[in-house]
Ligand SMILES: Cc1cc2nc3c(=O)[nH]c(=O)nc-3n(C[C@H](O)[C@H](O)[C@H](O)COP(=O)(O)OP(=O)(O)OC[C@H]3O[C@@H](n4cnc5c(N)ncnc54)[C@H](O)[C@@H]3O)c2cc1C
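Laid out in structure tokens, this is it:
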């Protein structure tokens, strides 16, 4: 792999991963070009405003990380509000904390049954599917109330059909009374919204917008390029040549409350019950720290056609198909090609991980400079 001044790295996709690769290469004085399908950059990260009140049209994003380098980079580009994220959830006919807190659970009339189930748990959850893993973590009563309905709505299948790979990072039962969702040392929300972060990453980078790239464009994409970085979904890039990958998407309905300071008790209110078609409601004003009358609440509905989340089935079928797409990409002629970001790697990653991948990809390309 080599990068020369005359031969740019071409990056497909101007979301957080692609923008981070571009930023790091540009900072090192290397030529880059970014090509983006959408009419704007930012990918999943969007900021909008109604009467000056910020909200996120494509879903709530809370920045949290233990990665010092990523945190330094973010803060160099945009001031971060010291926001600590709290999530409430509608369970047992009440509004309670997410993750479940034992001190709160002890107040419930259901506590004797919950306590018996907790006493019967193994030392550590080990089930290989999501349902088994969660029941071993929290017992059946809590699983049915907090997880089962939410998962069925979110993923459109039985929790027992899903692998438990990502569960340890996202599901817990707490005893310590700590109400912040995340435990990472660095957490925040960008002053003015995420647009400033992506704008900062792409400052000085040539970007072509409104240009979806597929394998049919491969020769043109590679012409004169020292390397190609793909941050797009491989099934879409190859026009489903090996069949479509399984994805799950969400959509949002935004409702403006003109007179209210706040409508929700926290930034996010989960609604796991099947009586609600949405999975959660989001009030960005908690994250932005804005005040005054008027607030936007965004209701998140599952089963949209967008490629938001890869589906990790228990058999690993979807991941196998993704590996086949990676092999297909490797067989194409031309310069080195690298994958980064949630779509191209078919992984459920947070923003800090997307940026870490971007930094690592840029570093690999730079270290190969002859
Ligand atoms: C609903 C939701 C909530 C989330 N909340 C959080 C959170 O609270 N905290 C957190 O850390 N993370 C959160 N995330 C994850 C976070 O959004 C991602 O980690 C991050 O935005 C991924 O960036 P990316 O560049 O990999 O992908 P994307 O943002 O999807 O960017 C990919 C870009 O590539 C472009 N593209 C796609 N195909 C092509 C093509 N063929 N040709 C050209 N361009 C193409 C797309 O238009 C897009 O701009 C959330 C994700 C979702 C879906």
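Residue numbers (our numbering): 147 to 516.
Every residue gets a Cβ at the ideal spot worked out from N, C-alpha and C, and that includes glycine.
The structure displayed is predicted, hence computed values, not measured ones.
Residue burial classification, residue 484 (beta-carbon count within 10 angstroms, cutoff 16): buried
Proximal residues to residue 224 (C-beta, below 7 Å), its chain only, five neighbours per side dropped: Correct list, in chain order: 336, 337, 342, 343, 346.
Which same chain residues end up closer than 6 Å to residue 306 when comparing Cβ atoms and leaving out the 5 residues on each side of it in sequence? 275, 277
Any heavy atom of ligand 1 closer than 7 Å to the beta-carbon of residue 461? no
Can you list the alpha helix (DSSP H) stretches of 4 or more residues lying completely in the stretch 368-413, in chain order? Taking only runs of at least 4 residues, the alpha helix (DSSP H) segments lying wholly in the stretch 368-413 are 380-383.
What does residue 271 pair with, by DSSP beta-bridge criteria? None; residue 271 has no bridge partner.
Just to confirm, are residue 241 and residue 283 a CB contact at a threshold of 8 Å? no
Thinking just about the alpha-carbon of each residue, which of 376, 463, 447 is nearest to the one in residue 476? 376
Mind reading off the beta-carbon distance from residue 468 to residue 492? Whole number of angstroms is fine, and I expect it under 8 Å. 4 Å
Using 8 Å as the cut-off, can you tell me whether the stretch 441-456 makes contact with the stretch 403-417, which would need three or more C-beta pairs spanning the two stretches below that distance? Short answer: they touch.
Quick one: grab the DSSP three-state call for residue 148. Because residue 148 sits at a pLDDT of 42, beneath the cut-off of 50, its placement in the model cannot be relied upon, and the point is left open.
Give a single yes or no on whether residue 377 has its beta carbon closer than 7 Å to a heavy atom of ligand 1. yes
What are the boundary residues of the alpha helix (DSSP H) that includes residue 507? It spans 497-513 - the alpha helix (DSSP H) in which residue 507 sits, taken as one unbroken run.
Distance check for residue 258 and residue 452, CA to CA, integer angstroms please. 43 Å
Below 8 Å between beta carbons: does that hold for residue 296 and residue 384? no
Count the other C-beta atoms from every protein chain shown that fall within 10 angstroms of the C-beta of residue 513, then say buried if there are 16 or more, exposed otherwise. Label assigned to residue 513: exposed.
Pick helix, strand or coil for residue 243, following the three-state DSSP scheme. Of the three classes helix, strand and coil, the one that applies to residue 243 here is strand, per DSSP.
Less than 7 Å separating the Cβ of residue 424 from some heavy atom of ligand 1? no
Residue 332, DSSP secondary structure in three states: strand
Does the distance from the CB of residue 511 to the CB of residue 220 come in under 8 Å? no
Cβ-heavy atom distance between residue 451 and ligand 1 below 7 Å? no
Should residue 454 be counted as a contact of ligand 1 given a C-beta to heavy atom distance under 7 Å? yes
Decide if the stretch 354-368 is in contact with the stretch 418-426; the criterion is three or more beta carbon pairs, one per stretch, under 8 Å apart. Judged by Cβ distances under 8 Å, the stretch 354-368 makes no contact with the stretch 418-426, as fewer than three pairs qualify.
Can you find the residues in the same chain that come closer than 6 Å, C-beta to C-beta, to residue 500, ignoring five residues on each side of it along the sequence? 162, 163, 487
Drop a sphere of 10 angstroms on the beta-carbon of residue 262, count the other beta-carbons inside from all chains shown, and report buried for 16 or more, exposed for fewer. exposed
Answer with buried or exposed for residue 355, where buried requires no fewer than 16 other C-beta atoms within 10 angstroms of its C-beta. exposed
Within a Cβ cutoff of 6 Å, which residues of the same chain sit near residue 160, ignoring the five residues on either side of it in sequence? Cβ neighbours of residue 160 within its own chain (closer than 6 Å, five residues either side excluded): 180, 182, 187, 353.
Use the C-beta contact count for residue 399: other C-beta atoms within 10 angstroms, 16 or more gives buried, fewer gives exposed. exposed
Distance CB(residue 193)-CB(residue 339) smaller than 8 Å: Going by beta carbons, residue 193 and residue 339 fall inside the 8 Å limit.
For residue 271 and residue 279, which I take to be in contact (beta-carbon distance under 8 Å), what is that distance rounded to the nearest angstrom? 5 Å
For residue 358, verify whether its CB is less than 7 Å away from any heavy atom of ligand 1. Flag set: Cβ of residue 358 near ligand 1.
Does at least one heavy atom of ligand 1 sit under 7 Å from the Cβ of residue 346? no
Residue 533 versus residue 236 - alpha carbon distance: Here the chain covers residues 147 to 516 and nothing more, so residue 533 does not appear.
Inter-residue spacing [alpha-carbon to alpha-carbon] between residue 438 and residue 204: In a straight line, the C-alpha of residue 438 is about 24 Å away from that of residue 204.
For residue 409 and residue 427, what's the separation of their Cα atoms in angstroms? 10 Å
Please state whether DSSP places residue 518 in a helix, a strand or coil. Residue 518 cannot be examined here, being either before or after the span of the chain that is shown, 147 to 516.
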